[in-house]
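Chemist: Here the sequence shown stands for residues 785 to 844, numbered as in the numbering used here.
Note that the Cβ used here is the ideal one computed from N, Cα and C, for glycine as well.
First the structure, then my questions, so here it is.
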Amino acid sequence: MEYHKSRNIGMELLIQQYRNKFEIDENINYYSFKDFLKAERKYLKYMLEGSVDEHASQSY
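Written as structure tokens, this is what we have:
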């Protein structure tokens with residue numbers, strides 16, 4: 785039996801949505817390329833962790 789790693793398409797789409805929101809002219813023109821990647825990564829981490837925490841608190 786072959787093992788196929790399942791992909792979480794929903795998470796990938798959510799990350800792409802957040803990336804598109806971050807790629808505005810204000811951010812692109814402000815950061816150098818290297819700093820843009822760092823800032824984008826921090827933004828994605830913040831948005832994803834914030835989303836999980838918000839959903840967890842609403843379930844109680």
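1) Which residue marks the beginning of the alpha helix (DSSP H) containing N813, and which one marks its end?
2) Roughly how many angstroms separate the alpha carbons of I793 and A823, rounded to a whole number?
3) Could you give the first and the last residue of the continuous alpha helix (DSSP H) run that contains R803?
Modeler: Taking the geometry as given:
1) Within the sequence shown, numbered from 1, the residue matching residue 813 stands at position 29. Residues D809 to Y814.
2) Position 9 of the sequence shown holds residue 793. Position 39 of the sequence shown holds residue 823. Roughly 24 Å separates the two Cα atoms.
3) Residue 803 sits at position 19 when you count from the first residue of the sequence shown. It spans I793 to F806 - the alpha helix (DSSP H) in which R803 sits, taken as one unbroken run.
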